[in-house]
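Numbering (this note's numbering), first residue to last: 3 to 113. Note that the Cβ used here is the ideal one computed from N, Cα and C, for glycine as well. Remember, predicted model here, so these are calculated numbers, not experimental data. Take a look at the structure set out below.
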């Protein structure tokens, strides 16, 4: 109780002498220190919700997360991927044609 009384008495004396701006500056600083972590928390959550992408690798179907509009490497197969519009895409050189292999069963034809 005595500490609060001394604080208010000091603030009152500074205000009467014409140094109220010191008290106002101190109170603004305290308010900023209290409010800024709350604003930062909501800002970081909003940014992560917009930029964190969870998808499957188009090569090996391993599911992992990455940041939107960046390049990353699949932790399972090592394929270099580009993350665009919330999807993982293979990063290939221009002119490269993607081909999917198909297994064909072998039958012996006897003559």
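Using only CA atoms, which one of the options lies nearest to residue i?
i	options	result
residue 60	54, 71, 80	80
So if DSSP puts residue i in a beta bridge, which residue, or which two residues, is it bridged to?
i	result
residue 57	66
residue 90	85
residue 74	83
Leaving out five residues on either side along the sequence, give the residues of the same chain with a beta carbon under 7 Å from the beta carbon of residue i.
i	result
residue 16	22, 24, 25
residue 71	85, 86
Once DSSP output is grouped into helix, strand and coil, what is the label at residue i?
i	result
residue 107	coil
residue 50	helix
residue 4	helix
residue 96	coil
Buried or exposed: which applies to residue i, given that a residue is buried once 16 or more other Cβ atoms fall within 10 Å of its Cβ?
i	result
residue 11	exposed
residue 55	buried
residue 68	buried
residue 14	exposed
Might you give, ordered along the chain, the residues of its own chain that have their beta carbon closer than 6 Å to the beta carbon of residue i, omitting 5 neighbours on each side?
i	result
residue 58	65
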